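*Asks:* Protein chains in written order, with this note's numbering: chain A, 2 to 141; chain B, 37 to 148. We put the CB at the ideal spot given by N, CA and C, even for glycine. Owing to the predicted nature of the structure, the values given are computational and were not obtained by experimental measurement. Take a look at the following structure, please.
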Ligand SMILES: Nc1ncnc2c1ncn2[C@@H]1O[C@H](COP(=O)(O)OP(=O)(O)OP(=O)(O)O)[C@@H](O)[C@H]1O
Ligand SMILES: [Mg+2]
């Protein structure tokens, strides 16, 4: 099953709606609730990063019998130093975005903690692609 | 303890989400950074914050939180209240600050 959502940069009032739709679908197909919890955190953070940092993007979620694969690709400024961006507390969020409580620099670390496989690639000036996989089995 | 009991015992205002007042509370989390709440809150917690925009309800709903308490007399934005109503997440308010509210809630949940 493949689900696709378009995400607009700056559209904070709808931020989280794609993640919320996926959560509903995963509940419906009886994915274990602790796995849903992890997926939701990772999806939301990746979705909000497009809203907060990019111009526009797509979230494509492939739900397979034993795993979920999400690919979020955007057009935007890109991430020049991914290792630095992954560090907890690192953020380039604007003052306006920070006032809303975003910009803790915890989003990417939250994605890392809640996924089994994570790949981030980016071309500065063009965009960013965040892909992750979460397996539907209890974590060992 | 249910949300409606802390409303009564802490004298909280109810702005929206009346349908969720019967929800059970598992604990509380106090933060104004959304990713902090995303990463560290647990299902059933009450979220104490001064953030009052719509994304608060998105986070509370995704994390299955039981209620949101807005501190320092902060009121929810109109679209925040509407979303809370639609998702049955009680959005509550107090003139007290986060420290006092968290302290009272902690006491209630641990000693009553
Ligand atoms: N899709 C993206 N496009 C461009 N830059 C990004 C993107 N995602 C993340 N970044 C960069 O990586 C930094 C760290 O991201 P991260 O999600 O960890 O924190 P944040 O978004 O700044 O704050 P938080 O997620 O805690 O609200 C961002 O501040 C930004 O510089
Ligand atoms: Mg982020």
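Suppose you measure from the CA of residue 19 of chain A to the CA of residue 48 of chain A; what does that come to, to the nearest Å?
*Replies:* Spanning the two alpha carbons is a distance of roughly 8 Å.
*Asks:* Are any of the Cβ atoms in chain B nearer than 7 Å to that of residue 45 of chain A?
*Replies:* Yes, because at least one Cβ of chain B sits closer than 7 Å to the Cβ of residue 45 of chain A.
*Asks:* Closer than 6 Å to a non-hydrogen atom of ligand 1 - does that hold for the CB of residue 116 of chain A?
*Replies:* No, the Cβ of residue 116 of chain A stays beyond 6 Å of every heavy atom of ligand 1.
*Asks:* Do residue 33 of chain A and residue 79 of chain A have their CB atoms nearer than 7 Å?
*Replies:* No, the pair does not count as a contact, with Cβ atoms beyond the cut-off.
*Asks:* For the region 45-97 of chain B, list the alpha helix (DSSP H) runs that are entirely contained and at least 4 residues long, ordered along the chain.
*Replies:* 70-76, all fully within the region 45-97 of chain B.
*Asks:* For the region 114-122 of chain B against the region 132-142 of chain B, do three or more pairs of beta-carbon atoms, one drawn from each stretch, fall closer than 8 Å, so that the two count as touching?
*Replies:* The answer is no - the region 132-142 of chain B does not touch the region 114-122 of chain B, with fewer than three Cβ pairs under 8 Å.
*Asks:* Which class does residue 127 of chain B belong to by DSSP, given the choice of helix, strand or coil?
*Replies:* Three-state result, residue 127 of chain B: strand.
*Asks:* Three Cβ pairs or more, each shorter than 8 Å: is that satisfied between the region 130-137 of chain A and the region 58-75 of chain A?
*Replies:* Segments in contact, yes.
*Asks:* Tell me the DSSP bridge mates of residue 72 of chain A?
*Replies:* In DSSP, residue 72 of chain A forms a bridge with A:61, A:132.
*Asks:* Is residue 144 of chain B closer than 7 Å to residue 50 of chain B when the C-beta atoms are compared?
*Replies:* In this structure, residue 144 of chain B does not lie closer than 7 Å to residue 50 of chain B by Cβ.
*Asks:* Would you say the region 89-101 of chain A touches the region 39-53 of chain B, given that touching needs at least three Cβ pairs under 8 Å?
*Replies:* No contact exists between the region 89-101 of chain A and the region 39-53 of chain B.
*Asks:* For a cutoff of 7 Å on Cβ pairs, would you count residue 14 of chain A as touching chain B?
*Replies:* Closer than 7 Å to some Cβ of chain B, the Cβ of residue 14 of chain A qualifies, so yes.
*Asks:* Listed in chain order, which residues of the region 2-30 of chain A have Cβ atoms closer than 8 Å to some Cβ of chain B?
*Replies:* Within the region 2-30 of chain A, the qualifying residues are 13, 14, 16, 17, 18, 20, 21, 24.
*Asks:* Relative to ligand 2, is the shortest distance from any of its heavy atoms to the C-beta of residue 108 of chain A smaller than 6 Å?
*Replies:* Under cutoff, so the answer is yes.
*Asks:* Drop a sphere of 10 angstroms on the beta-carbon of residue 85 of chain A, count the other beta-carbons inside from all chains shown, and report buried for 16 or more, exposed for fewer.
*Replies:* Result: exposed.
*Asks:* Looking only at DSSP bridge pairs, what is residue 120 of chain A linked to?
*Replies:* Per DSSP, A:132.
*Asks:* If residue 82 of chain B sits next to residue 102 of chain B, beta carbons under 8 Å apart, how far is it from one beta carbon to the other, in whole angstroms?
*Replies:* About 6 Å; that satisfies the 8 Å criterion.
*Asks:* Return yes when at least one heavy atom of ligand 1 lies under 6 Å from the C-beta of residue 86 of chain A, else no.
*Replies:* Yes, ligand 1 has a heavy atom inside 6 Å of this Cβ.
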